[in-house]
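*Asks:*
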Amino acid sequence: MSQLIHITDKKGSRIEDKPLDLDDVRAKLAETNGKTYWRSLDELSQKPGFNEMLRREFPGQAPKDWAPLPRRDFLKLMGASLALAGLSGCAFQPNEKIVPYVNQPESIVPGIASYYATAMPFSGYALGLLAKSTDGRPVKVEGNPDHPTSGGETPIDPGKGKPNFKKRGSTDVFAQASLLTMYDPERSQTIRRSGASSNWDTFVGEITQQIQASRRNSKGADFAIITETITSPTQISLMNDLRDLMPELRWVSYEPVNRDNVTAGTRLAFGRDLHPVYHFDRADVIVSLDCDFMLEEPGRVAHAREFIDGRRVTDKTARQKMNRLYVIESTSTITGAAADHRFPVKAAQVDGIARALAQAIGVSGGAGAQQVTAEQNKWVQEIANDLKASRGRVIVVAGANQPPAVHALAMAMTEGLSGNSNNGATFARTLPGNGNAATITYHAPIEGAPVPHLAGLASVVDEMKAGKIKTVLVMGTNPAYTAPRDLEFAKAFNNVPFRAHIGLYEDETSNLCTWHVPEAHYLEQWSDARAIDGTVSIVQPIIMPLYEACKSPLEVLAMMVGNVNSSGYDIVRGQWARTKGLVNDGTLAAASVQGELAKNSTLTQSGASGLTSQGVNNGTAQGLSNGPMTGAQGGVAANSPVVNNAVVNGGVATNNGTINGGAMNGVTPMKPATNGATRNSAAAIGGAGAGASGVAAGTPDAFAFDRFWQEAVHSGVIKGTAAPAINVTAGALNLPAQTVIGPGIEVNFRPDPTIWDGRFANNGWLQECPKPITKLTWDNAILVSPNTAHKNGWNNDDEVELTLNGGKVKGAIFMVPGQPDDTLTLNLGYGRAQVGKIGTGAGFDANQLRTVDNPWMAYGVKTAKLGTVYKLAATAHHNLISPEGKDTTLKDAILGGDDAKTKVVDDWITPQTRGKDVDGVHGRDLIRSGTFEMMQKGELPVVPEDKIGLPISWPRNPNSQGSSLPDSQNKPARGRDESGPIVGDGSLADGPYTTEEDGHPLADNRELAGSPSFYPRESDYLASAPLRSAAAEKELEAKSKALGRDNVTQQWGMSVDLQSCIGCNACVVGCQSENNSAIVGKDQVLMGREMHWIRIDAYMSGSYENPEVYFEPMMCQHCEKAPCAPVCPFNAVMESPGGINEQIYNRCVGTKYCENNCPYKVRRFNFLQYSDQISPTIQLMANPSVTVRSRGVMEKCTYCIQRVKAAEWQAKKEDRFVRDGDIITACQQVCPTNAIVFGDINDPNSEVSKLKRGDLTFGILTHLNTGPRTSYTAKIRNPNPALVALNPKLYGVEVREGEHAEGAEHVTENQAFVEDRGKPKR
Amino acid sequence: MAQLFHPASNTLAKMSIISGVLGGPLLIGAGYAINMSYGYAVYKPVVQPVQFSHKHHVWDDGIDCRYCHTSVEKSTSAGLPDTHTCMSCHSQIWSDSPELAPIRASYVSGQPIEWNRVHDLPDFVYFNHSLHINKGVGCESCHGRIDQAPLVMKVHTFSMQWCLDCHRHPEKFLRPKEAVWTMGWTAADAGTNPDTGKPFTQRELGTKLVTEYKIGHERYLTDCYTCHG
């Protein structure tokens, strides 16, 4: 039980840790009938400590560790505590200041946040964002609805008249956490020369000398620049300017996770470098060849949205067709978890399977597939049949870790099945919504340095070793850590006389450098970047750089081409002015190079890449009539009505001069849209270069460009810059030899799902965010299948030394269900040698085992068990919910397992279900799942009994399916006073509320839906009101008024779609960012004290070799009859009139009774002072609308009360109801797949109401009569019937008991499922 | 045996009875006064960098509240004027007054003036100015006769109890929206109550306005998350 912490039983004696018995697990799995859901292997094995873990809220609090306190000490301590406690109430408020602006910008209203469009470049590719700025500091990032990656409209159920979601942006886990990186107190803050602080001017002097020397000596051949992936048109243009200075300049991009294999694949398939873009919404059958396209590929947000759009089902009649995903993968990923069929294979086997698949489809290049077993061949054939049946609407996609041949095959298969294989390219490739639109479009590469990353780096390293390179500038990347070990980067690097580094952190590479310049974060700099489809976004700063020394890469490059102190704003705007063909722009003059440098080629870059639709006026640009504009022209500008369109507010809040001094010059607010007209336009446009304002004002071009620029900055997207699709024709494939499957154990390298390649190693939010499948925090591990671990005698947490290719690492073992046997997966990004406090000491450095020749998979690893143990902090066991709440948690807790009493409790605990056939699987499980086929037959995985006690308040008609209550119980509770909603007198005479055991109050909730309650059931009041037409609304209002209430009759609720949840964790970090949740550190996570308000429980079902995975987001359920409320002795848990379960921090004294009594285990206690209230930058980051929680206080999800309140305030001011969609909770907002919907459950037309009325809605633990306001919709898979029939065992379809004697007759999953309904689970 | 008690004891006894009766309330009153001014800092002027007089600007000059507190109708915060607002007049009048030196210094240097907060709610209270203004709570109801205050000070405790007094019985304080800015307003200013034919009383008007402005029931106005959370 190594994953469990030291568990003690009730008497305080330690429950001994025993290794996992795999045979036992297997036997237990074999015993199960129908579907069983489990969260980990330990749970399956039912080890002794496990039930204790399940039963106890704080299993880590070992009483035996408490030393007995002498009486005198106790009295002394208590005396002091009492005295101090008395004093603590007497604190006076500190004297506070109000600091108004000196010159308040019009667009800034104190207390109202502004939103600015920007974009986050991640590995070069942009994700469009709207950054929320409060008093000039960014406090949250959200997706930009207008951006092709993060935005997009998403229908719930297309084509059935179902509601459409409002257009809004979503984000991923990295974007959410990037905010913390900006405010990281350990970010690099000073320019350093050999470790000592230095300054910009000295750096400029030295590097200029290097450039001059390099030009003289070798035309730049001894000058190397290593960057991360660059798609920024401006940066590429500057690099080209630099190349004009130094034609032989060595420029390579290097990131350890790159798209080398994809590009090489296009070269094999189509004979040229191309950039494929996937359109998953156009595909009916998707085959992933080891590709985690929803997490590991750029464009992950769009991929997830499009994929889920093709399969969202909330109603049995809603959808005629559902897409199907096959995943063939070498480790457990979230894409595999979303799959309808998942096949775990070794990474090296994927090549053979791809060839076999191609052969089965009839695509050339597939012939001669070897090493595919007969069993594999069976399902390969079935996949091929399915693909062929959906000709024209298929995608085969390969992972970045697969060799080029697999990519080429995947592309050839997609093209071959495009329905028009001879001329596949001539489809209306870019027409969305067109049934014939291509599922993969190909575009010219959008990366700036198209050299393959690894090969490029290797060639530069060779030159370094040979002493040919005299100067190296590393920008934003960290090759000293990320380069494969056998490249010996550090050794070669030290060979270079002049080494400089520009980065966010002082890291392994900067340690080797003479010079280090701190890089400005993307929220602090002007830049631009392309999205996955080529669309350009302007990266707009939300704040001045926190540290004066920070420089953006653009500023550094501009300096190197001769513009020492040009601002990022001038550079980006100047670039676009040139791109747009504007000649006389003053900012261009400032940003341009000396006359001699301005060659034609400087301006042709973007034209050459063929991506910019706008003509590039390279002929005239270097005319460079830089002179100041005439007065007459300036005058025109000032008086021109056109100029008044400008919405720039120059000089926003620059008066403070402090870091919270406000937004950047020239920042354009997203809201209000264009009402900032006439503001300082001419002066502001120039920004810092205002001296050159009025620039080119005389020409109409300038006005047009101004408008273009304002719009581009305002909306965050430059329209029409998406890369045009290129017609491609797949020729005959000439593939290299098939990947050889080596003997023994295979080692795979994958980017880490949270800290990626190590760039987020110092980001606490990401470090503590449980990784999607493994639920590991703070570490990487040697991921291995249970069988392989068993075979090698490894157990979780055992330290094992891996020796491979001369490299050696030591890591802890972690067993992952679904991992293929005889493979190890190592995540990159850990084992950092030089990083801040957060990242130091976490995990091991997998780069030490990578090689240049095969950076993704390797054979020949030697393993040695060291006999030591390294504790991994996995949260899979934390906050376990007993799936049969009454049986283990509640009953055991109340009765201590006394069978006789249990019988009695059984009778009263579910009288509604007594006598009905629901005491088996149904009505108990935490997950409901079914298949699409079953749905179409009308067999739902959710039965009406599942909705008992679930507030689906509209319509409250007992005869309809959405009914939650029997008729008799729908009547108003007794004792209700018309003038106020308090129900009953709350005394025990109303019914049994608490029992006593061991002196602790426990709510037993034996009262049932509709019986008296402490808390008002607002929705009951309106049960008889008609649907809310305009007239009805009036009536409703009148009713409300009669009851003495205002328009807060809206009742808030949430619906979570298990079908749409892909487990990406964006909501976890988004919630943390919105609600200022603390990180607690690995030690505290080990004790189960993580503070996330929302967690994503991963349930597995089926065999542990290849389980089906179900993600279930779990947050406070906002029970109408919350078990946490009556047990609080201080009334710190309240129910709001809108049905929100309120935690009143000021009343909370930390008894933790509420947490003890919460069956969902969603309450979080601040055992220590976790939140950082000291670091100044962290204070700047905090959302001011959320109350501070300190030590000793319980906290939990509030349904984002601050967002609810903001909408309610606005509605009250306008005398109306809150409109549907006005409130978007933080988790809902970030979700790429719209899995979470929030709204008024009293409004029959709200999205949430419609979802809750859907056929697949169920509540969790509703039989405990909690009345949760959060409901879930079931997970529906779409398995291929042919494959299910092929191997029913694999899909959890069991041979039924009793049929053994008559011979093993397989039944389909559906039959088994239906027939199992009502049978005992175990 | 000599008298145990001197005749003066009679007086003493009477005095102690009287002081017992009078002293109790006196003590309580003194405690209240100390509490108000000390615990809640009521009636305690706060020293400011510039001794700004609302009396002069509002009572004498008739400047509207919203001229300076620009965001009071639309934001949680009423807003304090920026230096430019001060200088819009004081570059013309009193332009060399020594009292205004800090304003001019701020204007020149770009360094904002740091005012001391007078009405300081705890950070866990989420008070919304705009909502109160829009629902007919006058400036005066919380800030008193600010138009006659040479120096700003609290005239109410701003304690939770005080907030709840109004949230429980808003009809005692509400006024028509257009009278929100009016100082010294009384219900009678609202005209004649058509029902009674007499001038409105606060109770009559308040009850009417509670309905008209859809003011929530006590259950809603006193819900914890109305102000906290």
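Those protein sequences? They're chains A and B, same order as listed.
Quick note: the first sequence uses this note's numbering, first residue 71, plus one each step.
Quick note: the second sequence uses this note's numbering, first residue 396, plus one each step.
The C-beta atom is built at its ideal place from N, Cα and C for all residues, glycine as well.
Note that the structure is a prediction, hence the values are computed from the model and not measured.
1) Which of helix, strand or coil does DSSP assign to Lys669 (chain A)?
2) Answer yes or no: does any C-beta atom of chain A fall closer than 9 Å to that of Arg614 (chain B)?
3) Quick check on Trp779 (chain A): does DSSP put it in helix, strand or coil?
4) Let me check understanding here. Comparing Cα to Cα, which of A:Asn897, A:Pro925, A:Asp923 lies closest to Gly913 (chain A)?
5) Using a beta-carbon distance below 9 Å, is Trp1279 (chain A) in contact with chain B?
6) Excluding sequence positions up to five away, which residues of its chain have a Cβ less than 7 Å from the Cβ of His1188 (chain A)?
7) Using a Cβ cut-off of 8 Å, which residues of the stretch 1253–1266 of chain A contact any Cβ in chain B, in chain order?
8) When we look at the beta-carbon of Arg563 (chain B) and count the other beta-carbons within 10 Å, is it buried (16 or more) or exposed?
9) For the alpha helix (DSSP H) containing Lys535 (chain A), list its first residue and its last residue.
10) Which residues share a DSSP beta bridge with Trp510 (chain B)?
11) Are the C-beta atoms of Ala747 (chain A) and some chain B residue less than 9 Å apart?
12) With 9 Å set as the bound, which would you pick, yes or no: does the beta-carbon of Leu475 (chain B) sit closer than that to a beta-carbon of chain A?
13) Kindly confirm or deny that the stretch 479–490 of chain B and the stretch 521–536 of chain B touch, where touching means at least three C-beta pairs closer than 8 Å.
14) Would you report the Cα separation of Leu557 (chain A) and Ala1148 (chain A), rounded to the nearest angstrom?
15) Are the stretch 365–378 of chain A and the stretch 333–345 of chain A touching by the rule of at least three beta carbon pairs closer than 8 Å?
16) Enumerate in chain order the residues of its own chain whose CB-to-CB distance from Val383 (chain B) is below 6 Å, with the five nearest sequence positions on each side excluded.
17) Lys386 (chain A) by DSSP, collapsed to three states: which one?
18) Spell out the partners DSSP gives Asp1127 (chain A) in its beta bridges.
19) Against Ile1271 (chain A), what residues of chain B qualify as contacts under a CB-to-CB distance less than 7 Å, listed in chain order?
20) Name the residue from A:Asn455, A:Leu1334, A:Pro588, A:Ile431 whose alpha carbon lies nearest to the alpha carbon of Asp1016 (chain A).
21) For Leu559 (chain B), would you say it is in contact with chain A, using Cβ-to-Cβ distances shorter than 9 Å as the test?
22) CB-CB under 6 Å to Gln351 (chain B), same chain, minus the five flanking residues each way: which ones, in chain order?
23) Taking Cβ positions only, does Gln506 (chain B) come closer than 9 Å to chain A?
24) Is Thr847 (chain A) helix, strand or coil when you go by DSSP?
25) Beta-carbon within less than 7 Å of Ser288 (chain A)'s beta-carbon, same chain only, minus the 5 sequence neighbours each way: which residues are those?
26) Indicate whether Trp646 (chain A) and Phe778 (chain A) have their beta-carbon atoms separated by less than 9 Å.
27) By how many angstroms is the C-alpha of Asn1253 (chain A) removed from the C-alpha of Ile610 (chain B)?
28) When the cut-off is 9 Å and only beta carbons count, does Ser483 (chain B) lie next to chain A?
29) Considering only C-alpha positions, which residue in the set A:Val1300, A:Val464, A:Gly265 is nearest to Arg352 (chain A)?
30) How many whole angstroms separate the CB atoms of Ala550 (chain A) and Glu594 (chain A), which I take to be in contact at a CB cut-off of 8 Å?
31) Thinking Val817 (chain A) and Asp867 (chain A) are a contact (beta carbons under 8 Å), I'd like their distance in whole angstroms, please.
32) Tell me where the alpha helix (DSSP H) around Leu406 (chain A) begins and ends.
33) Can you give me the Cβ contacts of Asn493 (chain A) inside the same chain, cut-off strictly under 8 Å, excluding the 5 residues immediately before and after it?
34) Rounded to whole angstroms, what's the CA-CA distance from Asp969 (chain A) to Thr606 (chain B)? Just pull it up for me.
35) Output the residue ranges of the alpha helix (DSSP H) runs that lie fully inside the stretch 490–574 of chain B and measure 4 residues or longer, sorted by chain position.
36) Would you check if the stretch 854–865 of chain A and the stretch 1145–1160 of chain A touch, i.e. whether three or more CB-CB distances between them fall below 8 Å?
*Replies:* Judging by the given coordinates:
1) Its pLDDT being 33, under 50, Lys669 (chain A) is placed unreliably in this model, and the coordinates cannot settle the point.
2) Closer than 9 Å: yes.
3) helix
4) A:Asn897
5) yes
6) Gly1209, Ile1210, Asn1211, Tyr1269, Pro1338, Arg1339, Thr1340
7) Ser1255, Thr1257, Val1258
8) Taking all protein chains shown into account, Arg563 (chain B) has fewer than 16 neighbouring C-beta atoms within 10 Å of its C-beta and is therefore exposed.
9) 523–535
10) A:Ile168
11) Low per-residue confidence applies at Ala747 (chain A): pLDDT is 29, beneath 50, and the placement is therefore not dependable, though the value from the model is reported in the following sentence. Chain B, which has no Cβ nearer than 9 Å to the Cβ of Ala747 (chain A), makes this no.
12) Interface residue, yes.
13) no
14) 40 Å
15) no
16) Residue numbering for chain B in the displayed model covers 396 to 624; residue 383 (chain B) lies beyond these limits and cannot be assessed.
17) coil
18) Bridge partners of Asp1127 (chain A): A:Thr1343.
19) Tyr620, Gly624
20) A:Leu1334
21) no
22) As displayed, chain B neither begins before 396 nor continues past 624, which places residue 351 (chain B) out of reach and without an answer.
23) Between Gln506 (chain B) and chain A, the shortest Cβ-Cβ separation is below 9 Å.
24) strand
25) Glu318
26) In contact: Trp646 (chain A) and Phe778 (chain A) (Cβ atoms closer than 9 Å).
27) Roughly 29 Å between the two C-alpha positions.
28) no
29) A:Val464
30) Incorrect: roughly 25 Å between the Cβ atoms, too far for contact.
31) Taking the Cβ atoms as the reference, Val817 (chain A) lies roughly 20 Å from Asp867 (chain A), outside the contact range of under 8 Å.
32) The amino acid at residue 406 (chain A) is misidentified as Leu; the sequence shows Gly. That run of the alpha helix (DSSP H) goes 404–408.
33) Summary for Asn493 (chain A): the model assigns pLDDT 37, below 50, so the residue's position carries little reliability; its value from the coordinates is reported in the next sentence. Within the same chain, Asn493 (chain A) has close Cβ partners Thr799.
34) Here Asp969 (chain A) scores only 46 on pLDDT, less than 50, and its place in the model is too uncertain to base an answer on.
35) Residue ranges of uninterrupted alpha helix (DSSP H) with 4 or more members, entirely inside the stretch 490–574 of chain B and ordered along the chain, are 496–504, 524–529, 534–538, 555–563.
36) no
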